[in-house]
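Heads up: the structure comes next, in structure tokens.
2 protein chains.
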Amino acid sequence: MPKVGMPAIRKPQLIDATMKAIDAVGLQKASVVMISGYAGVSPAIINHYFGGKEGLLEETMRSILRQLSKAVQQRLAQCDKDDVIERIIAIVGGNFDSQQIDSKVVKTWLAFWSLAMHQPQLFRLQRANEKRLLSHLLLELKRVLPAPRAKFVALSIAALIDGIWLRGAFSPNGVDKDLAQRIIIDYVETQLPPQTLEIHQQRQLLKKN
Amino acid sequence: MPKVGMPAIRKPQLIDATMKAIDAVGLQKASVVMISGYAGVSPAIINHYFGGKEGLLEETMRSILRQLSKAVQQRLAQCDKDDVIERIIAIVGGNFDSQQIDSKVVKTWLAFWSLAMHQPQLFRLQRANEKRLLSHLLLELKRVLPAPRAKFVALSIAALIDGIWLRGAFSPNGVDKDLAQRIIIDYVETQLPPQTLEIHQQRQLLKKN
DNA sequence: CTATTTTTGTTAAACGTTCATTTAATTAAA
DNA sequence: TTTAATTAAATGAACGTTTAACAAAAATAG
């Protein structure tokens, strides 16, 4: 819960410092002294404005989730409303936004996953995020597939996103964005009716002219 | 590195206690006092036999990895050598072995993922595990697909396994093993040549007689 | 077979460190 | 002169690890 009167610079400054610290030494060893050191301020600032370390961590996770949500919505906004495939690609693309696959953010995500298992507040954030991804996918898929099948495919795409993303965290080269997109588009194309694919291909051609 | 003269009961006892503690309060708050409490021994035992908390955590991860490896190999051993699909199902099944999807083990996995990001020893274990899964899948897929495509499909299956598994960690009902298998088999069937599917179906029919 | 020593397994208690948080004081802005 | 923003320093709790001692079992000697 960020204090209201906080100078505008403090919040992003400390959230970025938190991710830097997690990136450098992991959540376990990311002390408030180290975090405030990265931000160039006193450790007491964290308690003053965030009510403690937990509050800062929650705000950091909220910040990452907001960025993810924004990345998806920006891409969706530029899509043809009736090109289901293009819209699914947009959702996937948002999840592999360059900000989200940055090493700093990836490590912070991983840290939050294990932390969220035992902190109800973070757990709810994580659940809400999962549900949003699933509901975005479902909304599109239900237009071209029967509801049960749409759910099945949505779960598969979500799993592919998370799985590729997780495996990328342990890859020396990080997340391979292009490979991720190719895998998921390839999957989607095997699952959607041929007519849906045609619509996508035609609209893509029109765009180029 | 476990001390050699250790009584046989101590190691599994402390490893189980470690997972129980992580399941209960998370790795962050799983102190050596709590872990040794679950095991009903003194905290000093951990340093005596495992050289410290880190050593115990490493042994715990090794134990989980061994169990996973065993679950896969047991299933593969019972497979028809030439039924590629059956063998892929075996690999997937091993990864969703009932021991592996137990809440205690799932939470421990998550904790290790974030820990491994900053502990070279654990990172290597994690990498080796990933590579083994991929090479198991590749070995089978290369028999029925061209090498580049085999790699592509292997990565996809691995991502599906990890993704479903991760999402299950946040689901109130845990990992849905049957759904996982259905999703992955469904995917595999779209990717393999029709002939490979036929072999599988024929051999499955023969088995029943 | 008993007594004694040695080794093994285990622990209670103490140690030194690290950490998040609080307090009271200080600086800067309004 | 207030108020807001920040900090240095202090506080107290928690932690992993070490030490030195104790108990039990095994080995050895009489």
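So the protein sequences, as listed, match chains A and B.
Residues in the first sequence are numbered consecutively from 552, following the working numbering.
Residues in the second sequence are numbered consecutively from 552, following the working numbering.
Where a beta carbon is used, it is the ideal one built from N, C-alpha and C, also for glycine.
Computed from a predicted model, the values in this text were never measured in an experiment.
Give, in chain order, every residue of the region 667-679 of chain B whose Cβ lies closer than 7 Å to some Cβ of chain A. Residues Met-668, His-669, Gln-677 and Arg-678.
Could you work out which residue in B/His-751, B/Gly-588, B/Lys-562 and B/Gln-651 is closest to B/Gly-602 when comparing CA atoms only? Answer by Cα proximity: B/Lys-562.
First through last residue of the alpha helix (DSSP H) which encompasses A/Ser-707: Looking at the DSSP string, the run of the alpha helix (DSSP H) that includes A/Ser-707 is 698-721.
Would A/Val-656 count as contacting chain B if we go by Cβ distances under 9 Å? With 9 Å as the cut-off, A/Val-656 does not count as an interface residue toward chain B.
Span separating the alpha-carbon of B/Arg-683 from that of B/Ser-665: Distance between the alpha carbons of B/Arg-683 and B/Ser-665 is about 20 Å.
Can you check whether the C-beta of B/Ser-582 is within less than 9 Å of a C-beta belonging to chain A? No - not a single Cβ of chain A is within 9 Å of the one on B/Ser-582.
Quick one: list the residues of chain A neighbouring B/Ala-559, beta-carbon separation under 9 Å, in chain order. Identification of chain A residues near B/Ala-559 by a Cβ-Cβ cut-off of 9 Å yields none; the smallest Cβ-Cβ distance measures about 31 Å.
Considering only the alpha carbon of each residue, which of A/Val-695, A/Asp-729, A/Ala-581 and A/Ser-707 lies closest to A/Glu-681? A/Glu-681 has its Cα closest to that of A/Ser-707, out of A/Val-695, A/Asp-729, A/Ala-581 and A/Ser-707.
Report the three-state DSSP secondary structure of B/Asp-634 (helix, strand or coil). Coil.
Please identify, using Cβ separations under 8 Å, the residues of the region 686-707 of chain A that lie next to chain B, in order along the chain. Listed in sequence order: Phe-703, Leu-706 and Ser-707.
Can you give me the C-alpha to C-alpha distance between A/Arg-754 and A/Leu-627, rounded to a whole angstrom? Spanning the two alpha carbons is a distance of roughly 15 Å.
Report the rounded CA-to-CA distance for A/Ser-587 versus B/Thr-611, giving the unit in angstroms. So the alpha carbons of these two residues sit roughly 34 Å apart.
Would you say A/Ala-590 reaches chain B, if we count a Cβ-Cβ gap shorter than 9 Å as a contact? With 9 Å as the cut-off, A/Ala-590 does not count as an interface residue toward chain B.
Helix or strand or just coil, what does DSSP make of A/Asp-727? Note: A/Asp-727 maps to coil in three-state DSSP.
Distance between beta carbons of A/Ile-652 and A/Lys-728, contact taken as under 8 Å: Yes, A/Lys-728 and A/Ile-652 are in contact; Cβ-Cβ is about 6 Å, under 8 Å.
Use the C-beta contact count for B/Glu-691: other C-beta atoms within 10 angstroms, 16 or more gives buried, fewer gives exposed. With 16 or more other Cβ atoms from the protein chains shown falling within 10 Å of its own Cβ, B/Glu-691 counts as buried.
At the 9 Å Cβ level, is B/Ser-665 part of the contact set with chain A, yes or no? Yes, because at least one Cβ of chain A sits closer than 9 Å to the Cβ of B/Ser-665.
If you compare alpha carbons, which of A/Ile-560, A/Ile-734, A/Ile-566 and A/Ala-590 is closest to B/Pro-533? This structure cannot settle anything about residue 533 of chain B, because the visible part of chain B is limited to 552 through 760.
Just verifying my parser: in three-state terms, what is the DSSP assignment at B/Met-557? If DSSP states are grouped into helix, strand and coil, B/Met-557 belongs with coil.
The region 575-587 of chain A in contact with the region 615-634 of chain A per 3-pair CB rule at 8 Å: Cβ pair count under 8 Å is below three, so no.
CA-to-CA distance, A/Arg-694 to B/Gly-725, given in whole angstroms: Separation of B/Gly-725 and A/Arg-694 (C-alpha to C-alpha, rounded to the nearest whole angstrom) is 29 Å.
Ends of the alpha helix (DSSP H) at A/Leu-743? No alpha helix (DSSP H) holds A/Leu-743; DSSP gives it neither H nor E.
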